[in-house]
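Q: Quick note on numbering: the numbering used here labels position 61 of the sequence shown as 81, and the sequence is numbered without any gaps.
Note that CB positions come from ideal geometry on N, CA and C, so glycine has one too.
As the structure is a computational prediction, the values presented were derived from the model and not from experiment.
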Amino acid sequence: MDVQGPFRLHTSNFELPMSWHDLGAVNELATTPLRKVLVGRTRLAITHHAGEFGVLSGVCNHVGGPLGDGRLDGEYVVCPWHHWKYHCRTGLGEPGFEADAVPSYTTRIDGGHLWVDLASATPRSKAPHAPHPLARPVVRADGPIRVAGISTTGLDPAWPRVSTSEFLLEHALAHAQSALGVESSLLRLSELKFRHCEGYYSTSARACTWPCSITQMDPSDQMDQVYEAVVHWADVVLVATPIRWGAPSSLYFRMAERMNCIQNQITLRDKVLIQRKAAGFIITGGQDNVQGVAGQMMTFFGELGFHLPQFPFIAHSRGWTAEDMERNVTQVRESRDLRRGAEELAERAVTLAATLLEHGDADHVCRGGRKAQRLDTESLRSSKFEV
21 MDVQGPFRLH TSNFELPMSW HDLGAVNELA TTPLRKVLVG RTRLAITHHA
71 GEFGVLSGVC NHVGGPLGDG RLDGEYVVCP WHHWKYHCRT GLGEPGFEAD
121 AVPSYTTRID GGHLWVDLAS ATPRSKAPHA PHPLARPVVR ADGPIRVAGI
171 STTGLDPAWP RVSTSEFLLE HALAHAQSAL GVESSLLRLS ELKFRHCEGY
221 YSTSARACTW PCSITQMDPS DQMDQVYEAV VHWADVVLVA TPIRWGAPSS
271 LYFRMAERMN CIQNQITLRD KVLIQRKAAG FIITGGQDNV QGVAGQMMTF
321 FGELGFHLPQ FPFIAHSRGW TAEDMERNVT QVRESRDLRR GAEELAERAV
371 TLAATLLEHG DADHVCRGGR KAQRLDTESL RSSKFEV
């Protein structure tokens with residue numbers, strides 16, 4: 021029951037000021053370890069652990085996650101968005117992070133009901149946290165054009181095999197370095213250990229953060245190497261993929277899902293992390309659908325903010341009826357046309373990146389017709405609820 025008004029509440033045993041509110045019957049509340057409740061404009065999380073009730077603010081310190089939708093881990097409420105923890109009765113952060121505290125409230129039981137005093141809220145406090153290294157401003161360091169190659173072929177490093185797309189990517193990088201004087205680096209996704217996207221954006225737009233929430237939570241997650249290369253280091257990104265049943269590799273999609281946090285910064289904050297960068301693509305496979313694979317990749321990288329050179333991809337396919345894959349590697353390795361195609365792709369991308377660096381890039385995103393209008397999440401958060 022949400023009790024409001026300019027009067028005092030009278031119960032069977034005591035008299036309470038108007039700041040006290042009835043949260044419900046104790047017997048019913050005790051059946052659930054953690055639940056959310058809204059009292060007026062105030063979101064609360066009610067806990068029941070070891071026979072005791074606690075009431076905390078329902079809003080996490082991190083990015084406003086709903087604590088009442090989380091879970092209890094012993095005596096600590098775990099935020100469902102990014103797993104920050106708070107003591108179920110005091111609101112203090114987990115050991116070592118006690119200064120990250122959410123408000124806790126005084127409660128009492130009367131007439132078989134749990135009551136909370138909203139006026140008793142303890143202070144919300146957030147300890148200073150050093151920003152993640154990836155969160156630094158995107159400022160290009162002086163030096164030559166830098167080309168990052170990303171191979172998305174799934175391989176077992178202990179039993180490597182030849183990847184035709186990676187072979188052409190390595191050739192493109194070597195040519196760019198020797199003939200064009202650029203710096204280059206190669207990332208093989210098969211050598212990186214990184215988690216799948218866990219869909220925080222599906223819960224709430226602002227739950228998807230930059231850098232990725234997983235990267236912030238898990239220092240062993242190696243997707244940070246891709247973020248560092250793509251956002252901070254490279255002027256050109258060349259992505260190589262095999263065709264897998266008419267689509268890019270599963271590792272490519274796993275990477276793309278995690279890179280969605282880059283695009284979400286545009287939607288949420290009008291913050292374009294990718295500026296004055298070019299992208300190109302190398303696609304090989306035993307079956308066709310080159311255009312479909314290229315179209316997906318060009319669209320995704322274009323939405324991140326990359327520019328595409330004229331003729332932004334090269335490709336090779338054996339075709340539907342050519343199952344003699346034993347000849348495929350030899351054919352690609354011996355094809356002067358494919359090697360030259362890789363060289364020219366690198367040249368076009370480097371030339372475009374140099375032009376962009378010289379002449380600049382648009383720093384304003386026109387929202388009309390984009391995939392989404394900018395979401396004013398801070399306004400939405402503060403206008404509806406007390407946090």
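Whole-angstrom Cβ separation of residue 65 and residue 56, contact assumed at under 8 Å?
A: Confirmed, Cβ separation roughly 6 Å.
Q: Taking only runs that begin and end inside the segment 48 to 110, name each unbroken beta strand (DSSP E) of 3 or more residues, in chain order.
A: Whole beta strand (DSSP E) segments, 3+ residues: 54 to 59, 62 to 69, 72 to 77, 91 to 93, 96 to 98, 105 to 107.
Q: Which residues bound the beta strand (DSSP E) around residue 116?
A: Premise fails: residue 116 is in no beta strand (DSSP E) and is neither H nor E.
Q: Look at the alpha carbon of residue 27 and the alpha carbon of residue 129, and state the distance between them as a whole number of angstroms.
A: At residue 27 the pLDDT is 33, less than 50, meaning the model places this residue with poor confidence and gives no usable figure here.
Q: What is the DSSP secondary structure of residue 336, counted as helix, strand or coil?
A: Here residue 336 sits in strand by DSSP.
Q: Give, in chain order, every unbroken run of the beta strand (DSSP E) that is at least 3 residues long and sits entirely within the segment 227 to 314.
A: Fully enclosed beta strand (DSSP E) runs of 3 or longer: 256 to 262, 298 to 305.
Q: Name the one or two DSSP bridge partners that residue 136 has.
A: DSSP output for residue 136 lists 41, 127 as bridge partner(s).
Q: Relative to the alpha-carbon of residue 348, which residue among 206, 271, 182, 216 has its alpha-carbon at the smallest distance?
A: Checked all of 206, 271, 182, 216; the closest Cα to residue 348 is 182.
Q: Which word fits residue 40, buried or exposed, when buried means at least 16 other C-beta atoms lie within 10 angstroms of its C-beta?
A: Buried, because 16 or more other Cβ atoms sit within 10 Å of the Cβ of residue 40.
Q: Alpha carbon to alpha carbon, what distance is there between residue 177 and residue 161?
A: Between residue 161 and residue 177, the C-alpha separation is close to 33 Å.
Q: Does the segment 132 to 145 come close enough to the segment 211 to 228 that 3 or more CB-CB pairs lie under 8 Å?
A: Too few Cβ pairs lie closer than 8 Å, so no.
Q: Under 8 Å between the Cβ atoms of residue 302 and residue 192?
A: Contact: yes.
Q: Am I right that residue 243 and residue 273 are in contact with their C-beta atoms under 8 Å? What's the rounded C-beta distance?
A: That belief does not hold up - the Cβ atoms of residue 243 and residue 273 are roughly 14 Å apart, past 8 Å.
Q: Starting from residue 358, trace the beta strand (DSSP E) both ways and give me its first and last residue.
A: Taken as a continuous stretch (DSSP letters only), residue 358 belongs to no beta strand (DSSP E), being part of the alpha helix (DSSP H) at 356 to 379.
Q: DSSP has residue 166 in a bridge; who is on the other side?
A: Looking at the DSSP assignment, residue 166 forms a beta bridge with 203.
Q: Report the rounded CA-to-CA distance for residue 190 versus residue 338, giving the unit in angstroms.
A: Going by the C-alpha atoms only, they are around 21 Å apart.
Q: Please check the pair residue 123 and residue 144, which I expect to be a contact at CB under 8 Å, by giving their CB distance rounded to whole angstroms.
A: Right, their Cβ atoms sit about 5 Å apart.
Q: Any idea if residue 459 is buried or exposed, counting beta-carbon neighbours within 10 angstroms, 16 or more meaning buried?
A: For the chain, the structure presents residues 21 to 407; residue 459 sits outside this window and is missing.
Q: Among all the DSSP beta bridges, which residues are the ones paired with residue 145?
A: Per DSSP, 121.
Q: Report, in whole angstroms, the separation of the C-beta atoms of residue 154 and residue 239, which I expect to be a contact under 8 Å.
A: That pair is no contact at about 12 Å.
Q: Roughly how many angstroms lie between the CA atoms of residue 227 and residue 167, to the nearest whole one?
A: Their Cα atoms are separated by approximately 31 Å.
Q: In whole angstroms, what separates the C-alpha of residue 170 from that of residue 290?
A: Distance between the alpha carbons of residue 170 and residue 290: 27 Å.
Q: Figure out for me which residue from 75, 266, 146 has the closest Cα to the Cα of residue 88.
A: Among 75, 266, 146, the Cα nearest to that of residue 88 is on 75.
Q: When we look at the beta-carbon of residue 121 and count the other beta-carbons within 10 Å, is it buried (16 or more) or exposed?
A: Buried is the call here.
Q: In terms of alpha-carbon separation, which member of 108, 292, 359 lies closest to residue 321?
A: Of the listed residues, the one whose Cα sits closest to residue 321 is 292.
Q: Considering only residues of the same chain and omitting the five flanking positions on each side of residue 362, which have a CB-CB separation below 8 Å?
A: Contacts found: 188, 189, 191, 192, 195, 302, 334.
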